[in-house]
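Step one of this worksheet: look at the structure below.
Residue numbers (mature numbering (1 follows the signal peptide of the UniProt record, and there is no 0)): -18 to -1, 1 to 142.
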């Protein structure tokens, strides 16, 4: 009996280590707009949600995001790529946290701490581009370690 328990445990641990892909999560799905995401960090998934897809078109909408930090955040850098048909067509990067100048409330958090944000986000765009595309977002710290990483798949057929 003990041998079978050990064998099952070994198989489970092997499966966990062999699995490098996280499931695809649905952020929202309404008539003409769908947004899904998948963590692109092979070691960690995270939680992200919004109330309704239609809120995104109001420029400011509420989000909820949660993660347990695997790396401390003394400095934090964000990079976002817009990918259409497998090609990066737009890249945006910004320093979000640095000593003496922090744009976010969670700058300075330590490894192992829970990071939870619930509140408004403003995209700064008037409308979401139509069509099917991927938005790849990555946050790295001062050691170039991945803090969070996700690929968002957007399918937008809204009429503006």
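Each residue gets a CB set at the ideal place from its N, CA and C atoms; glycine is no exception. Quick caveat, the model's predicted, so the values are computed rather than measured.
ask   = Are the region 26 to 35 and the region 64 to 78 touching, with three or more C-beta to C-beta distances below 8 Å?
value = no
inquiry  = Once the 5 residues before and after residue 115 are set aside, which same chain residues still bring their CB inside 6 Å of it?
reply    = 66 and 136
message = Below 7 Å, is the gap between the Cβ of residue 41 and the nearest heavy atom of the ligand PLP?
response = In the structure shown, the ligand PLP is absent, as is every other ligand, since no ligand is present at all.
task = Could you tell me whether the Cβ atoms of residue 42 and residue 129 are closer together than 8 Å?
result = no
inquiry  = For the region 79 to 88 against the region 15 to 22, do three or more pairs of beta-carbon atoms, one drawn from each stretch, fall closer than 8 Å, so that the two count as touching?
reply    = no
message = According to DSSP, is residue 35 part of a helix, a strand, or is it coil?
response = If DSSP states are grouped into helix, strand and coil, residue 35 belongs with the helices.
inquiry  = I want to know whether the region 84 to 96 touches the region 104 to 123 - three or more CB-CB distances under 8 Å.
reply    = no
message = Rounded to whole angstroms, what is the Cα-Cα separation between residue 144 and residue 91?
response = Outside the shown range of the chain, which is -18 to 142, sits residue 144, and nothing can be said about it.
key: Proximity winner among 99, 119, 63 and 118, relative to residue 44 (alpha-carbon distances)   = 99
query = Using DSSP with H/G/I as helix, E/B as strand and the rest coil, what is residue 143?
reply = Given a span of -18 to 142 for the chain in the structure shown, any question on residue 143 remains unanswerable.
ask   = Around the Cβ of residue 96, are there at least 16 other Cβ atoms within 10 angstroms (buried) or fewer (exposed)?
value = exposed
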